[in-house]
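Colleague: Right, I'll just put the structure down here and ask away after.
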Amino acid sequence: MTTTDETGSTGSTVLEEAVTSTDPTVLAKVWGFGGMTSVLLGAVAGLLVGFERLDLTSADLLGSADEVFQFWSAHRVALVLLGVLPALMTLATTVVPRQCGANTLVFPRAAALACWTWLVGAVLTVVGFLADGGLGTPGTGGQRQATALTLMGLLLAIAGLLLATVCVVTTIVSGRSTGTGLRDLPFTSWTTLVSATIWGSMLPVLAANIVLAYVDLQGRPAVRFGAEDAIWEQLSWMFTHPAVYVLALPVLGITLDVFSATTGITQANRDVLLVATAAFGFLSFGAYAQSFFDTPGTPVMEEALYVVMAFAIVPVALAILGGVADTLRRGASNLGTRPPAEVVCALLSVLLIVAGTAVGALRVIAPLDLLGTSVTGAQFTLVVGGAVLGVGAGFQHWGDDLVGGPGARPGLNLLGGLAVAGGVVLVGATDLISGLLGQSDFTGVDLATAGYPGSGVDGLNLVSMVGSLALVGGLVAWQASGILHLTAAKKAGSA
Amino acid sequence: MFAAPAAPTRPRTLVVASAFGTGSVLLYFGGLFALYFSIRADAMAWGTAWFPEGAIQLVPGGMNMATMALSAITMGWAVSAVLNDDRVHAYLALALTAVLGIAMVNQTAFYFADIGLPIDASEAATLLFVIVGSHLVMVAVGVVWLGLLLLRALGGQDTSRHRDLVSAAALYWYAVVAVYSVIWIGIYIAK
Chain A
1 MTTTDETGST GSTVLEEAVT STDPTVLAKV WGFGGMTSVL LGAVAGLLVG
51 FERLDLTSAD LLGSADEVFQ FWSAHRVALV LLGVLPALMT LATTVVPRQC
101 GANTLVFPRA AALACWTWLV GAVLTVVGFL ADGGLGTPGT GGQRQATALT
151 LMGLLLAIAG LLLATVCVVT TIVSGRSTGT GLRDLPFTSW TTLVSATIWG
201 SMLPVLAANI VLAYVDLQGR PAVRFGAEDA IWEQLSWMFT HPAVYVLALP
251 VLGITLDVFS ATTGITQANR DVLLVATAAF GFLSFGAYAQ SFFDTPGTPV
301 MEEALYVVMA FAIVPVALAI LGGVADTLRR GASNLGTRPP AEVVCALLSV
351 LLIVAGTAVG ALRVIAPLDL LGTSVTGAQF TLVVGGAVLG VGAGFQHWGD
401 DLVGGPGARP GLNLLGGLAV AGGVVLVGAT DLISGLLGQS DFTGVDLATA
451 GYPGSGVDGL NLVSMVGSLA LVGGLVAWQA SGILHLTAAK KAGSA
Chain B
496 MFAAPAAPTR PRTLVVASAF GTGSVLLYFG GLFALYFSIR ADAMAWGTAW
546 FPEGAIQLVP GGMNMATMAL SAITMGWAVS AVLNDDRVHA YLALALTAVL
596 GIAMVNQTAF YFADIGLPID ASEAATLLFV IVGSHLVMVA VGVVWLGLLL
646 LRALGGQDTS RHRDLVSAAA LYWYAVVAVY SVIWIGIYIA K
């Protein structure tokens with residue numbers, strides 16, 4: 001059950017071998033390149049929306065408010081469900097089993113099925129967005145069948161992610177080597193276990209929302225759930241506080257492992273960090289925060305649980321940052337004068353995530369009235385941007401294992417990482433300030449929808465667009481670095 | 496003379512995977528039930544009718560609940576038979592559980608064809624069809640799984656030494672019954 005099938009049978013093509021392979025390194029390449037390509041596509045969608053926001057009085061580039069909305073929602077969906085989660089699955093399917101002492105994932109064929117199911121779903125989702133579908137539109141100007149296709153694609157992507165999650169959790173729980181307790185696990189495996197538990201509890205709820213919308217959308221006027229101006233609002237809880245934090249949790253584990261390995265220092269207070277990372281995971285459960293289904297009374301985003309969770313996660317994140325800083329303080333001398341690229345990226349990633357939690361706490365302060373403003377977008381950018389950087393750090397750290405040979409480009413990786421971090425800071429900071437000035441999260445293409453922002457916001461939107469450009473540039477550099485690494489590893493293997 | 500220390504035991508792989516997968520399925524239904532009860536409570540608070548008078552009948556729901564409860568017993572019987580290497584009883588119990596599942600699907604399909612409540616009649620109707628339809632899919636998956644188990648049992652592979660797949664299927668099937676009990680109480684009885 002835990003052995004992989006033999007590959008390379010006589011007469012089979014490369015494509016046949018790839019599709020039928022249960023080799024974790026093959027699957028890791030699909031998860032990794034697929035995920036990072038989606039991150040890049042999401043960043044490009046964000047860049048186009050950034051261009052559109054330069055002039056808040058009309059649609060200059062994308063045609064109409066509905067099209068702007070489609071790209072705006074595609075940006076978030078591509079980054080979360082098609083981007084960061086699958087990219088994390090790369091490390092979960094290759095690094096985690098080795099850290100646990102298992103030779104590979106349990107159920108390798110199920111893991112392969114999960115990977116290809118996700119990929120088909122991701123392609124369908126992208127096609128749905130490009131065919132004027134997406135997750136509905138406020139002006140109901142999209143194509144219903146394309147919207148249905150997007151929903152079906154997302155369901156497939158979620159099914160693939162859930163199946164992969166089952167394989168990963170089972171590997172950690174029952175496939176780890178004898179004598180290795182859960183407390184002994186490296187942080188990447190531990191945080192993956194906690195995150196996978198949360199993914200396994202939130203993704204089915206998201207699937208339930210999607211099924212409801214899909215059924216109601218099909219074939220007749222929608223009753224409520226499938227109305228095109230209501231679909232995004234039902235699913236948006238997955239892309240905001242607190243659910244978005246679950247993307248950051250494995251990245252915190254990756255950072256702790258990267259620091260430990262590169263400095264040669266074991267973390268002090270390991271048990272405290274285990275508890276803190278677990279608490280971070282459980283504070284990121286967000287399936288209850290569905291504002292679309294608010295009943296008369298206090299809206300869910302103003303209820304005590306929601307507000308307390310937003311504040312409670314800040315000290316938890318600071319505790320983890322303290323653990324990282326302590327390791328760095330004790331082991332900095334071992335890093336030399338030029339620290340490795342993965343250390344820089346990992347450190348920046350944790351700082352961005354901590355900043356994201358602080359912005360999340362600021363967002364729920366009721367008198368400031370920031371819930372519908374671009375502060376929501378700032379929090380999303382900082383947390384997801386931090387997660388992307390952390391995933392990149394993990395790819396750099398375990399790169400040789402992932403692609404099957406040497407050939408990493410540390411200089412290009414560092415350059416890409418700094419561009420990504422700079423872009424995330426620019427976009428996040430300007431969205432935060434614009435939100436405080438009253439700009440809406442989704443600005444639309446007229447001043448009323450944008451929240452009547454002042455001229456200062458126009459300048460900030462220009463800076464934000466520059467940040468989006470830097471982000472795209474950094475991601476392109478990383479993609480190029482990954483392809484060069486893969487090519488070099490293949491050459492080394494054939495030689 | 497000292498006895499060799501017992502080898503540490505690991506949780507059984509198939510059962511762990513089944514528990515996690517079943518947990519995810521339960522959360523899927525948890526999400527749907529939460530929406531159903533929340534929207535229903537809201538409608539009730541405004542004095543709006545939830546289902547049209549007489550649309551939801553107690554008898555079909557009760558019959559299905561009885562069928563499901565019986566299938567939980569036969570599933571337990573199957574696990575017990577496999578544990579005791581009693582192949583004849585294992586065949587009977589697995590087949591009976593699958594037949595009860597098929598009967599439940601048949602009863603539900605007949606009832607919904609007869610109910611006269613279009614899926615787009617109201618929010619309640621849409622939710623009803625999505626919840627019950629999802630549960631039918633869950634039952635159908637369970638029946639297919641039981642069919643595979645039956646084939647394995649006929650081949651002599653479901654034994655007390657290799658009982659994990661039966662235990663995993665039983666865990667899933669009990670979840671099928673548990674979900675239906677919520678449907679029965681929350682939809683058929685409470686209406």
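In the order they appear, the protein sequences are chains A and B.
Quick note: the first sequence uses my numbering, first residue 1, plus one each step.
Quick note: the second sequence uses my numbering, first residue 496, plus one each step.
A virtual CB, placed ideally from N, CA and C, is assigned to each residue, including glycine.
Should G121/A be flagged as near chain B, meaning a C-beta pair shorter than 9 angstroms?
Modeller: So, not an interface residue.
Colleague: What separation, rounded to the nearest whole angstrom, lies between the Cα atoms of V583/B and A387/A?
Modeller: If you take the alpha carbons of V583/B and A387/A, they lie about 55 angstroms apart.
Colleague: Given that L162/A touches chain B, what residues does it touch there, using C-beta distances under 9 angstroms?
Modeller: Residues of chain B passing the Cβ test: G516, S519.
Colleague: Tell me the rounded alpha-carbon separation between N559/B and A685/B.
Modeller: Rounded to the nearest angstrom, the two C-alpha atoms are 16 angstroms apart.
Colleague: Can you tell me whether E553/A is buried or exposed? The criterion is at least 16 other CB atoms within 10 Å of its CB, across all chains shown.
Modeller: As shown, chain A starts at 1 and ends at 495. That puts residue 553/A outside it, with no answer to give.
Colleague: Less than 6 angstroms between C-beta atoms, sequence neighbours within five positions excluded: which residues of the same chain meet that for A477/A?
Modeller: Closer than 6 angstroms at Cβ, skipping near neighbours: L412, L415, G416.
Colleague: Say the cut is 8 angstroms; is the CB of V126/A nearer than that to a heavy atom of the ligand PLP?
Modeller: This structure lacks the ligand PLP, and indeed carries no ligand of any kind.
Colleague: Note down the Cα distance separating P545/A from A608/B, rounded to an integer number of angstroms.
Modeller: Given a span of 1 to 495 for chain A in the structure shown, any question on residue 545/A remains unanswerable.
Colleague: Going along the chain, which residues of the segment 184 to 203 of chain A sit with their C-beta nearer than 7 angstroms to a C-beta in chain B?
Modeller: Listed by position along the chain: G200, S201.
Colleague: Report all residues from its chain with a CB closer than 8 angstroms to the CB of A243/A; omit the five preceding and five following residues, and keep chain order.
Modeller: The answer, listed in chain order, is M202, W237, S284, F285, G286, A287, A289.
Colleague: Taking just the CA atoms, how far does V246/A sit from V77/A?
Modeller: Whole-angstrom Cα-Cα distance: 15 angstroms.
Colleague: Using a C-beta to C-beta distance shorter than 8 angstroms, which residues of chain A count as neighbours of T511/B?
Modeller: Looking at the sequence shown, residue 511/B is not Thr but Val. V169, T170, V173, S174, listed in chain order.
Colleague: Keeping to the same chain, check which residues put their C-beta closer than 8 angstroms to that of G200/A; ignore five residues upstream and five downstream.
Modeller: The residues are L162, T165, V166, V169.
Colleague: Does the beta carbon of Q145/A come closer than 9 angstroms to any beta carbon on chain B?
Modeller: It does not: the Cβ of Q145/A has no partner Cβ on chain B nearer than 9 angstroms.
Colleague: Comparing the C-beta of K490/A with each C-beta of chain B, is any distance below 9 angstroms?
Modeller: So no, K490/A is outside the interface.
Colleague: Name the residue from V314/A, R363/A, E303/A whose alpha carbon lies nearest to the alpha carbon of L351/A.
Modeller: Of the candidates V314/A, R363/A, E303/A, the one whose C-alpha sits nearest the C-alpha of L351/A is V314/A.
Colleague: Specify the secondary structure class of G8/A as computed by DSSP and reduced to three states.
Modeller: At G8/A the pLDDT is 49, less than 50, meaning the model places this residue with poor confidence and gives no usable figure here.
Colleague: Quick check: what's the CA-CA separation for G616/B versus A222/A?
Modeller: The sequence given here places Ala at residue 616/B; Gly does not occur at that position. Using only the alpha carbons, I get a separation of about 10 angstroms.
Colleague: Alpha carbon to alpha carbon, what distance is there between A110/A and G8/A?
Modeller: Caution is warranted here: a pLDDT of 49 is assigned to G8/A, below 50, making its placement in the model unreliable, and no coordinate value can be reported.
Colleague: Is there a Cβ of chain B sitting closer than 9 angstroms to that of T255/A, yes or no?
Modeller: Taking Cβ atoms only, chain B never reaches closer than 9 angstroms to T255/A, which makes this a no.
Colleague: Determine the extent of the alpha helix (DSSP H) in which D400/A is found, giving its start and end residues.
Modeller: Note, D400/A: alpha helix (DSSP H), 399 to 403.
Colleague: With 9 angstroms set as the bound, which would you pick, yes or no: does the beta-carbon of I534/B sit closer than that to a beta-carbon of chain A?
Modeller: Judged by the 9 angstroms Cβ criterion, I534/B is in contact with chain A.
Colleague: Run down chain A in chain order and give the residues with a C-beta less than 8 angstroms from the C-beta of R507/B.
Modeller: S174, listed in chain order.
Colleague: Applying the 10 Å Cβ sphere with the 16-neighbour rule, what's the burial state of Y306/A?
Modeller: Counting Cβ neighbours within 10 Å, Y306/A comes out buried, since at least 16 surround it.
Colleague: Could you work out which residue in T376/A, T240/A, V173/A is closest to G435/A when comparing CA atoms only?
Modeller: For the residues T376/A, T240/A, V173/A, the minimum Cα distance to G435/A belongs to T376/A.
Colleague: Which chain B residues sit within Cβ distance under 9 angstroms of T295/A?
Modeller: Ordered by position in chain B, the residues that pass the 9 angstroms Cβ test against T295/A are S533, I534, A536, D537, A540.
Colleague: One question on the structure: do D184/A and G139/A come within less than 9 angstroms of each other, judged by their Cβ atoms?
Modeller: No, the pair does not count as a contact, with Cβ atoms beyond the cut-off.
Colleague: According to DSSP, is A685/B part of a helix, a strand, or is it coil?
Modeller: In the structure shown, A685/B sits in coil (DSSP, three-state: anything other than H, G, I, E or B).
Colleague: Check each residue of the segment 653 to 672 of chain B: if its Cβ is closer than 8 angstroms to any Cβ of chain A, include it; give the result in chain order.
Modeller: Within the segment 653 to 672 of chain B, no residue qualifies.
Colleague: Give the secondary structure of T295/A by DSSP, where H, G and I count as helix, E and B as strand, and everything else as coil.
Modeller: DSSP places T295/A in coil when its eight states are reduced to three.
Colleague: Mapping DSSP to helix, strand and coil, what is M1/A?
Modeller: Low confidence applies to M1/A: its pLDDT is 45, below 50, so where it sits in the model is not reliable, and the reading given next is rough at best. In the structure shown, M1/A sits in coil (DSSP, three-state: anything other than H, G, I, E or B).
Colleague: Assign Q267/A to buried or exposed, taking buried as 16 or more other Cβ atoms, counted over all protein chains shown, within 10 Å of its Cβ.
Modeller: The residue in question, Q267/A, is buried, as its Cβ has 16 or more Cβ neighbours within 10 Å.
Colleague: Can you pull the chain A neighbours of F546/B, defined as C-beta to C-beta under 9 angstroms?
Modeller: Ordered by position in chain A, no residue passes the 9 angstroms Cβ test against F546/B, which lies about 14 angstroms from the chain.
Colleague: Just the chain A side, please: which residues come within less than 8 angstroms of T621/B by C-beta, in chain order?
Modeller: Residues of chain A passing the Cβ test: L212, V215, D216, V223, R224, F225.
Colleague: Rounded to whole angstroms, what is the Cα-Cα separation between M1/A and P108/A?
Modeller: In this prediction, M1/A has a pLDDT of 45, which is less than 50 and means its spatial position is unreliable; nothing more can be read from the coordinates.
Colleague: Please report how far the alpha carbon of L660/B lies from the alpha carbon of L113/A, in whole angstroms.
Modeller: Cα-Cα distance, rounded: 20 angstroms.
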